[in-house]
Structures are given as C-alpha cells and as structure tokens.
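Participant: Mapping of the sequence shown onto my numbering: position 320 corresponds to residue 324, and the numbering continues sequentially without gaps. Using N, Cα and C, we set each Cβ at its ideal position, and we do this for glycine too.
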Amino acid sequence: MSETPRDPADDHASPANPDNRIGLGRQSADADHAAKIAGDIPPRTAPDAPVTPRAKARRGGKRHGVAQQETPSTGHQWDGITEYDNPMPRWWLWTFYATIVWAIGYVIAYPAIPMVTQATQGLLKTNARSEVAAEIDRFAQANASVQSALVAADLDDIPADPQLMGFATNAGGALYRTWCAQCHGAGAAGAPGYPNLLDDSWLWGGSLADIHLTLQHGIRDPLDPDTRYSEMPRYGTDELLEPAQIVQVAGFVRSLSGLDHDAADAAAGAGIYADNCAACHMDDGSGDRGQGAPALNDQVWLYGSDPETLVRIISQGPYGVMPAWSDRLSEAEIRSLAVYVHGLGGGE
C-alpha cells in the first residue's frame, strides 16, 4: 500500500500558513484604513490673507431710515471672529471723569495723604478719632448725673435703687466684655489659672466691697502699692521639700476633697501639710480669704486637681496676677463692674 504524499511545508509568509493568516489580515486592514484616511484629507490651499484695519469707517447702509456707520476693525481676527474698535459709551466716560473729580475733592476735604508723623488734615479738619472722642463726651454728659449718684451711693445701697442698679448692670456688662472676658471668659466661667466668677468660691471675698477693692487694686499688681498680695512658697524649686514629700502632700490634699488618692502617701503627707501648709490653708483645708489662700476641701480647683498638676503647683508655686483698674477705669465704671460681677450668681 502506497503512502499518500504530504503537502509541502508552507512558507512563513504564505497565507496558507495558519499561524500567519491573522497577521497578514491585520496588515491588509491597516493598509486599507491608511488609504481611506489619505483620501479624506482635502488638498492644501493657500492661507487666508491677513485682515488689515480699514483706514476709516464707512457707511454701512441704513436702519430704520437712519444711516449706520460701519465700525472699524483692530485687525485682529481668529477663527472667523473679528475684533472691532468700538468707542466707549458717553455715559461711561462721564462717570469715569466724575469719579476722578470726586476723588480729588475727597483728598482736599478729608485726611487722605500720609505724611511722616500724620496724614494731611483736609479742609474740614475731621477724622475718626475726633468723632469717637466727641461721642464719648456726649455719652459722659448724658450720663453724668446717674454716674455721680452711683459714686455717691453706698455700695450696699445700689441694688435697692432700680435706676442705679439698671445702669450699673448694663454698663458693667459692657465693661466686663471689654476688659475681663479675655481671662475670665465671655460667660465668666473662668479657665485654668483664671477664677470662675459664677460660683461662691472666692479667693479674696465675694461681697460688693470685696469685689470693689479687688478691682481697684488688683492682685499682685507690681505697680499698685495697695494691691492684694500673697505668695505661696516654691517647695520644689527652692528645695524646701523633697520630691517624695511633695507627692505625699499632693496625696493628702486630694484626700481633703474626697478624691482618689494613695492612702500611704496621704498618711505620710498629713504631717508635712500641718507643718508647711495649714498656716494658710487651715488644718481642714478650708482656706483663708484674708490671705487669698484657696479652700482645698471642695471641688473647685483653680489649676486642676489631678496629681501631676498638684505636684507642679506645690513645686513651683502659683503666681497669678490681676491688674489694678483704678488707673484705667473711673470710679463709676469700677462700681458698675463690681455690681455686674456680684450679680453673676456667686456674689455674697
């Protein structure tokens, strides 16, 4: 039995080769596509001649029986859009000229040109500072009688007088927001290191007279010889106590107000407290307003009650300062401020 002769091997570039048919098909499609694109491109033409501006405007026919003037071009043209040289409307020009005249008049009449030490005063001799001063004088004159009555009255009698009480409360509120809110807060709730004015815990007393005196002379104000003054020793900085003793005293102080504490530290700190702290803060931690020593047996803490804060305060000693207001505010203003603070809720 004779063998059937096999087909000769396909050449690599022959379409009969199955491995080569796909590649040849792609080449043929690419050639057809390139020919189609080449056939769609229009022949190049000469570029458009540049547009030159007309020497002068020409008449452009009539509209509603009125001859129209053709607007000249600036010569700029892009994508079929021409830039024309339209004149500004007359009303716009006159408005522009009017603003120039007004500006010149303002410079002549009012302070405007800055000089070395001050600006030119202008013919009217007026400025914002003088207007504010005049407004303050007007207010002072309008309230001179009630302010005089406020100064002449006894502090304890002011709450019983509706007119004085109303004036002092309103004026004191404005003064508080101007001079006091930065430290004591807009709501007078205080902040760490700045007393809360809403409660009944007072360092130097919460009566009208006490608050008035504190406002007059401040607390530890170096510029006022009559300022309220007290100073807590720096037990750590000046090495008056060992670090371990300070931790023990802090534990005992926390025990006075019922806070969590280490019983061993509190027991060891009791004797240290009696020898170094009780003279100002009292044996039971009730404090002494005569010295500005805060109570330690309540839940009101000026700097914080956590152990780390107490150790820092005992080591470094607090030294808060409140300015004296007698050289900044009038007596009527100080009294108004005292009445306002006293009425916030913690006054005695």
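Using a Cβ-Cβ cut-off of 7 Å, state whether Ala-328 counts as contacting chain D.
Facilitator: Looking for chain D here will not work: only one protein chain is present.
Participant: Here's the rule I'm using: 16 or more other beta-carbon atoms within 10 Å means buried, otherwise exposed. How should Glu-352 be labelled?
Facilitator: Residue numbering aside, residue 352 sits at position 348 when the sequence shown is read from its first letter. Exposed is the call here.
Participant: Specify the secondary structure class of Ser-77 as computed by DSSP and reduced to three states.
Facilitator: For the purposes of this step, residue 77 is taken as residue 73 along the sequence shown, with counting starting at 1. In this structure, Ser-77 counts as strand in the three-state DSSP scheme.
Participant: Could you tell me the boundaries of the alpha helix (DSSP H) in which Thr-103 lies?
Facilitator: On the sequence shown, residue 103 is found 99 positions in, with the first residue counted as 1. Boundaries of the alpha helix (DSSP H) harbouring Thr-103: 94 to 113, taken from the DSSP string.
Participant: Look up Glu-335 in the DSSP assignment and say whether it is helix, strand or coil.
Facilitator: Here residue 335 corresponds to residue number 331 of the sequence shown, with the count starting at 1. Glu-335 falls in the helix class under three-state DSSP.
Participant: Alpha carbon to alpha carbon, what distance is there between Tyr-277 and Pro-166?
Facilitator: As a first step, residue 166 is located in the sequence shown; it is residue number 162 there, counting from the start. As a first step, residue 277 is located in the sequence shown; it is residue number 273 there, counting from the start. In a straight line, the C-alpha of Pro-166 is about 49 Å away from that of Tyr-277.
Participant: Rounded to the nearest angstrom, what separates Glu-87 and His-80 at their Cα positions?
Facilitator: The count along the sequence shown starts at 1 and reaches residue 87 at position 83. The count along the sequence shown starts at 1 and reaches residue 80 at position 76. Distance between the alpha carbons of Glu-87 and His-80 is about 5 Å.
Participant: Return the first residue and the last residue of the beta strand (DSSP E) that Thr-86 is part of.
Facilitator: Position 82 of the sequence shown holds residue 86. Taken as a continuous stretch (DSSP letters only), the beta strand (DSSP E) holding Thr-86 covers 85 to 88.
Participant: Specify the secondary structure class of Arg-293 as computed by DSSP and reduced to three states.
Facilitator: Your numbering for residue 293 matches position 289 in the sequence shown. Arg-293 falls in the coil class under three-state DSSP.
Participant: For a test of the three-state rule: what should DSSP assign to Gly-232, helix, strand or coil?
Facilitator: On the sequence shown, residue 232 is found 228 positions in, with the first residue counted as 1. Reading off the sequence shown, one finds Arg at residue 232, where the question assumed Gly. Under the three-state reduction of DSSP, Arg-232 is assigned to strand.
Participant: Given this structure, state the Cα-to-Cα distance separating Trp-329 from Gly-308, to the nearest angstrom.
Facilitator: Taking the sequence shown and counting its residues from 1, the one referred to as residue 329 is at position 325. Taking the sequence shown and counting its residues from 1, the one referred to as residue 308 is at position 304. About 28 Å.
Participant: Given that a residue counts as buried once 16 or more other Cβ atoms are within 10 Å of its Cβ, and exposed if not, what is Phe-171?
Facilitator: Looking up residue 171 in the sequence shown gives position 167. Answer is buried; the Cβ neighbour count reaches 16.
Participant: Beta-carbon within less than 7 Å of Thr-173's beta-carbon, same chain only, minus the 5 sequence neighbours each way: which residues are those?
Facilitator: Here the question's residue 173 lines up with position 169 in the sequence shown. The answer, listed in chain order, is Val-343, Tyr-344 and Gly-347.
Participant: Can you give me the C-alpha to C-alpha distance between Tyr-239 and Ala-137, rounded to a whole angstrom?
Facilitator: Stepping through the sequence shown from its first residue, residue 239 is reached at position 235. Stepping through the sequence shown from its first residue, residue 137 is reached at position 133. Rounded to the nearest angstrom, the two C-alpha atoms are 51 Å apart.
Participant: For Arg-232 and Pro-327, what's the separation of their Cα atoms in angstroms?
Facilitator: The residue given as residue 232 occupies position 228 in the sequence shown. The residue given as residue 327 occupies position 323 in the sequence shown. Whole-angstrom Cα-Cα distance: 10 Å.
Participant: To the nearest angstrom, how far is the alpha carbon of Lys-60 from that of Arg-94?
Facilitator: Looking up residue 60 in the sequence shown gives position 56. Looking up residue 94 in the sequence shown gives position 90. Residue placement at Lys-60 cannot be trusted, given a pLDDT of 48 that sits under 50; what the coordinates show is reported in the next sentence. Roughly 21 Å between the two C-alpha positions.
Participant: Grab me the residues of His-265's own chain with a C-beta within less than 6 Å of its C-beta, minus the 5 sequence neighbours each way, in chain order.
Facilitator: Walking along the sequence shown from the start, residue 265 turns up at place 261. Taken in chain order, the residues that qualify are Gly-255, Arg-258 and Ser-259.
Participant: Which whole-angstrom value describes the C-beta separation of Val-325 and Ile-162, a residue pair presumed to lie in contact below a C-beta threshold of 8 Å?
Facilitator: Looking up residue 325 in the sequence shown gives position 321. Looking up residue 162 in the sequence shown gives position 158. Their Cβ separation, rounded to whole angstroms, is 28 Å, which puts Val-325 and Ile-162 out of contact at 8 Å.
Participant: Can you give the beta carbon distance from Ile-112 to Gly-126, rounded, assuming they're within the 8 Å contact cut?
Facilitator: For the purposes of this step, residue 112 is identified with residue 108 of the sequence shown, where counting begins at 1. For the purposes of this step, residue 126 is identified with residue 122 of the sequence shown, where counting begins at 1. Right, their Cβ atoms sit about 7 Å apart.
Participant: Output yes or no for whether 7 Å exceeds the beta carbon distance between Gly-349 and Leu-212.
Facilitator: As a first step, residue 349 must be located in the sequence shown, where it is residue number 345. As a first step, residue 212 must be located in the sequence shown, where it is residue number 208. The answer is no: Cβ separation not under 7 Å.
Participant: Around the C-beta of Pro-199, are 16 or more other C-beta atoms found within 10 angstroms, so that it is buried, or is it exposed?
Facilitator: Here residue 199 corresponds to residue number 195 of the sequence shown, with the count starting at 1. The residue in question, Pro-199, is buried, as its Cβ has 16 or more Cβ neighbours within 10 Å.
Participant: So if DSSP puts Tyr-198 in a beta bridge, which residue, or which two residues, is it bridged to?
Facilitator: Counting from one through the sequence shown, the residue named residue 198 turns up at place 194. For Tyr-198, the pairing in a beta bridge is given by DSSP as Ala-195.
Participant: Which residues bound the alpha helix (DSSP H) around Ser-134?
Facilitator: Locating residue 134 in the sequence shown gives position 130, where the first residue counts as 1. Its alpha helix (DSSP H) spans residues 132 to 146.
Participant: Please tell me whether Leu-354 and Leu-341 are closer than 7 Å, where the distance is taken between their beta carbons.
Facilitator: This structure cannot settle anything about residue 354, because the visible part of the chain is limited to 5 through 352.
Participant: What are the boundary residues of the alpha helix (DSSP H) that includes Glu-352?
Facilitator: In the sequence shown, residue 352 corresponds to position 348, counting from 1. Glu-352 -> no alpha helix (DSSP H), and no H or E assigned at all.
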